[in-house]
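Have a look at the structure below, then the notes.
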Amino acid sequence: MNLLDQVSPFDPIVILTGAGISKESGLATFRDPDGIWAKHKIEDVATPQAFAHNPNAVLDFYNVRRAQMNDADLRPNDAHRALGALEEFWPGEVLLVTQNIDNLHARGGSQNLIHMHGELAKTRCNDCDEIIEGLGNLTTDMACPGCSAVGTLRPHVVWFGEMPLQMDRITSALSNCRLFMSIGTSGNVYPAAGFVQEARSRGAMTIELNLEKSLSASAFYEGRYGPATETVTGFVGDLKSRAAE
Ligand code: BV8
């Protein structure tokens, strides 16, 4: 049975992406041999305890990544743009849920977009919860523009042990979608890694587009393996033909 024969153009689609979709734009992934977790320990830079214990180390870790994201040479790649086009031409709803904290999906044209692990371009105050856009480099001597507290500003990013954002909206979309696409993620981190099971249990068709098989590969009806700029553009092209039928 061909996956696309089971999907009609008015069916809702949910897409999950991870760091792999931004790799060809020049951003590092987490668990590849040259990845971020090969150079930093999660417990040193990506937990609330790390921020309480050594805020400078945590702020510096994200200041470096924010500078990479804001580099003029960093641009969305063909995979980001293909997903932006899919949202445009597909008659049914397309919801893009990303684990990534970079801004490449929005710059690639995606608008119906949830950053479940937060966004590097945003800052949050640990005291008053105000969210501020575009503050740039964070330091511990900065005062919150909202409540004037000093030393409480952190990246608006979900650390390990913290609840991802907009989970109710994501769960509802997973229970209604007819096609679930997972792109550029290793399937290591929950709850994102469990989304395929949620979608599949509600009858959705599921496809993984990744450089190599993820930990969740067996849960997918179909898998296409290779660089995202090839697999995503190829599958979105198939969906475009399906929508035109
Ligand atoms: C939660 C921060 C509950 C932002 C991230 C013990 C203690 C505490 C928690 C847990 C625990 N055991 C399990 C948990 C749950 C934990 C978890 O899953 N841990 C794992 C490590 C076991 N999860 C959590 O803590 C989550 N919260 O559970 O809260 C709760 C309940 C009630 C109340 C309060 C709380 C929060 C998880 C979010 C953590 N934050 N990042 C940042 O710094 O970026 S996670 C981090 O991993 C990033 O967000 C990243 O996106 C995410 C997943 O990684 P991937 O995107 O998949 O990247 P990876 O490198 O792994 O894989 C890349 C893939 O791309 C590879 O497969 C590769 O082959 C492929 N690829 C490479 N190149 C290409 C390519 N594909 C295509 N084309 C290419 N060119």
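For the sequence shown, this note's numbering puts the final residue at 266, and the numbers step up evenly by one.
Glycine residues also receive a C-beta, built at the ideal position from the N, C-alpha and C atoms.
One question on the structure: do residue i and residue j come within less than 8 Å of each other, judged by their Cβ atoms?
i	j	result
V12	I135	The structure shown does not extend to residue 12, since the chain spans only 22 to 266, so no value can be given for it.
C165	E151	yes
S112	A264	A quick correction: the sequence has Pro, not Ser, at residue 112. The answer is yes: Cβ separation under 8 Å.
Y83	L174	no
A100	T254	yes
C278	G167	Lying outside 22 to 266, the shown extent of the chain, residue 278 is not represented and no answer is given.
Q89	T206	no
V217	F241	yes
E108	Q70	no
S193	L37	no
I42	A213	no
R245	L232	no
S237	G208	yes
T144	P185	no
R223	S196	yes
C198	V35	yes
F110	K261	yes
Return yes when the C-beta of residue i is under 7 Å from any heavy atom of the ligand BV8, and no when it is not.
i	result
T50	yes
A249	yes
E233	yes
M202	no
T254	no
Q120	yes
F241	no
D55	no
V171	no
W111	no
T206	yes
H138	yes
M184	yes
F72	no
E64	no
N209	yes
I228	no
I152	no
G244	no
V179	yes
I42	yes
What does the Cβ neighbour count give for residue i, buried or exposed, with the cut at 16 atoms within 10 Å?
i	result
D162	exposed
V79	buried
I122	buried
H74	exposed
F181	exposed
F201	buried
G258	exposed
L104	buried
T160	exposed
V171	exposed
Name, in chain order, the residues that DSSP records as bridge partners for residue i.
i	result
K143	E154
A240	DSSP lists no partner for A240.
A164	V171
R245	L230
V118	L37, I135
L80	Its beta-bridge partners do not exist; DSSP assigns none.
F201	V35, T227
Can you tell me the Cβ-Cβ gap for residue i and residue j, rounded? I've got them flagged as a contact below 8 Å.
i	j	result
L300	E266	Outside the displayed span of the chain (22 to 266) sits residue 300, for which this structure offers no information.
H4	V179	Since the first residue shown for the chain is 22 and the last is 266, residue 4 is missing from the structure and cannot be characterised.
S46	N98	5 Å
G56	A49	6 Å
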